[in-house]
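Visitor: Have a look at this one before I ask anything.
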Amino acid sequence: REVAQRDGSTIKHSFKITVQEGYNLLNGRPVRKFMLDKNNVQIDSWIRLNLNERSPISRNHKLIIEPVASFNLKEVLRDYTISENQHHALIKSLERGDLAMATFLNNKSETERLYISPDTNKYCLNLYTHEHRPISLKEQKELGIIHPSLIKRLEQIPSTKELLKEITSHTLKRSQKIW
Numbered sequence: 001r002e003v004a005q006r007d008g009s010t011i012k013h014s015f016k017i018t019v020q021e022g023y024n025l026l027n028g029r030p031v032r033k034f035m036l037d038k039n040n041v042q043i044d045s046w047i048r049l050n051l052n053e054r055s056p057i058s059r060n061h062k063l064i065i066e067p068v069a070s071f072n073l074k075e076v077l078r079d080y081t082i083s084e085n086q087h088h089a090l091i092k093s094l095e096r097g098d099l100a101m102a103t104f105l106n107n108k109s110e111t112e113r114l115y116i117s118p119d120t121n122k123y124c125l126n127l128y129t130h131e132h133r134p135i136s137l138k139e140q141k142e143l144g145i146i147h148p149s150l151i152k153r154l155e156q157i158p159s160t161k162e163l164l165k166e167i168t169s170h171t172l173k174r175s176q177k178i179w
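For the sequence shown, my numbering assigns the number 1 to the initial residue and increments by one for each residue that follows.
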């Protein structure tokens, strides 16, 4: 199977995906896999589907492979107020691509039970309510369940809306110069 890597190149890899992992990939969640390259060397990577882009050859969604060294789930969990004794079970579940339930300690010393999944692009966790509504960074900050250094880093990443606004304003400026 040919797959895209983070840098845009494609390489051949051999690996199997369970039905559960396939379901999780189709729901936009990454899965950790051990796979073989063309030289039968085992590679430890996170895989995810790029649901916004399709392969020109097969018309399927592109499968993105990211080396595990670039996303350390243990370190990411430490940026949240999740107790250390939950980490082992959460890591096993999240590596399968599952949406896992975690207990956080908020800034009022109360517990919050939220669903989580890793975001291998932003090197953080996606948090969801019991109704599966995403919890914004602003809400996470207000609850006090995220480390201040991670908040600062995530606030520096432009949102899709901001990028579209910037592209649109740049395009408008260029078209105004032509007239």
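All C-beta atoms, glycine included, are put in the ideal place defined by N, C-alpha and C.
Nearest CA to the CA of Leu127: which residue from Val19, Leu26, Asp79, Lys62?
Guide: Position 127 of the sequence shown, counted from the start, is the residue given in the question as residue 127. The shortest Cα separation from Leu127 among Val19, Leu26, Asp79, Lys62 belongs to Asp79.
Visitor: Work out the CA separation of Phe104 and Ile64 for me, nearest whole Å.
Guide: Along the sequence shown, read from residue 1 onward, the residue named residue 64 stands at position 64. Along the sequence shown, read from residue 1 onward, the residue named residue 104 stands at position 104. The alpha-carbon atoms of Ile64 and Phe104 are separated by roughly 30 Å.
Visitor: For the structure I just gave you, are there three or more beta carbon pairs, one from the region 36-54 and one from the region 83-92, closer than 8 Å?
Guide: no
Visitor: For Lys38, which three-state DSSP category applies?
Guide: For the purposes of this step, residue 38 is identified with residue 38 of the sequence shown, where counting begins at 1. Residue state, collapsed to three classes: coil.
Visitor: Classify Tyr23 as helix, strand or coil using the three-state DSSP reduction.
Guide: Counted from its first residue, the sequence shown places residue 23 at position 23. It is helical.
Visitor: So the alpha helix (DSSP H) Ser200 belongs to, where does it begin and stop?
Guide: Any question about residue 200 goes unanswered here, given that the chain covers just 1 to 179.
Visitor: Using only the alpha-carbon positions, how far apart do Leu99 and Cys124 sit?
Guide: Counting from 1 along the sequence shown, the entry for residue 99 is found at position 99. Counting from 1 along the sequence shown, the entry for residue 124 is found at position 124. If you take the alpha carbons of Leu99 and Cys124, they lie about 14 Å apart.
Visitor: Pop quiz: Ile157 and Lys122 are said to be a contact at Cβ under 8 Å. What is the actual Cβ separation, rounded to whole angstroms?
Guide: Here residue 157 refers to the residue found at position 157 when the sequence shown is read from its first residue. Here residue 122 refers to the residue found at position 122 when the sequence shown is read from its first residue. The pair is a contact, with the Cβ atoms about 6 Å apart (cut-off 8 Å).
Visitor: Leaving out the 5 sequence neighbours to the left and right, which residues in its chain are closer than 6 Å to Arg48 when beta-carbon positions are compared?
Guide: If you number the sequence shown from 1, residue 48 lands on position 48. Cβ within range, chain order: Pro30, Ile64.
Visitor: Identify every run of the beta strand (DSSP E) within the region 94-153, keeping only runs that are complete inside it and at least 3 residues long; order them along the chain.
Guide: 100-105, 111-119, 124-128
Visitor: Do you know how far the Cα of Asn60 is from the Cα of Asn52?
Guide: Counted from its first residue, the sequence shown places residue 52 at position 52. Counted from its first residue, the sequence shown places residue 60 at position 60. One C-alpha to the other measures close to 11 Å.
Visitor: Would you tell me roughly how many angstroms separate the C-alpha atoms of Lys138 and Arg153, rounded to the nearest one?
Guide: Residue numbering aside, residue 138 sits at position 138 when the sequence shown is read from its first letter. Residue numbering aside, residue 153 sits at position 153 when the sequence shown is read from its first letter. About 13 Å.
Visitor: Rounding to the nearest angstrom, what Cα-Cα distance links Gly144 and Asn106 in this structure?
Guide: As a working mapping, residue 144 is identified with position 144 in the sequence shown. As a working mapping, residue 106 is identified with position 106 in the sequence shown. Going from the Cα of Gly144 to the Cα of Asn106 covers about 5 Å.
Visitor: Look at Leu150 and Ile135 and say whether their C-beta atoms are less than 9 Å apart.
Guide: Residue mapping note: residue 150 aligns to position 150 of the sequence shown, counting from 1. Residue mapping note: residue 135 aligns to position 135 of the sequence shown, counting from 1. No, Cβ-Cβ distance for Leu150 and Ile135 is not below 9 Å.
Visitor: Go to Arg29, then tell me how far its alpha helix (DSSP H) extends in each direction, as first and last residue.
Guide: Position 29 of the sequence shown, counted from the first residue, corresponds to residue 29. From DSSP, Arg29 is part of no alpha helix (DSSP H); its letter is neither H nor E.
Visitor: Could you tell me whether the Cβ atoms of Arg54 and Arg96 are closer together than 9 Å?
Guide: Against the sequence shown, residue 54 aligns to sequence position 54. Against the sequence shown, residue 96 aligns to sequence position 96. Their beta carbons are not under 9 Å apart, which means Arg54 does not touch Arg96 by this criterion.
Visitor: Would you kindly report the start and end of the unbroken alpha helix (DSSP H) that includes Ser74?
Guide: Here residue 74 refers to the residue found at position 74 when the sequence shown is read from its first residue. Checking the sequence shown, residue 74 turns out to be Lys, not Ser. Start and end: 73-78.
Visitor: If you draw a straight line from the C-alpha of Glu110 to the C-alpha of Asn72, how long is it?
Guide: Here residue 110 refers to the residue found at position 110 of the sequence shown. Here residue 72 refers to the residue found at position 72 of the sequence shown. Distance between the alpha carbons of Glu110 and Asn72 is about 27 Å.
Visitor: Considering only the alpha carbon of each residue, which of Asp119, Gly22, Thr129 lies closest to Glu112?
Guide: The residue you call residue 112 lines up with position 112 of the sequence shown. Minimum Cα distance to Glu112 is reached at Thr129.
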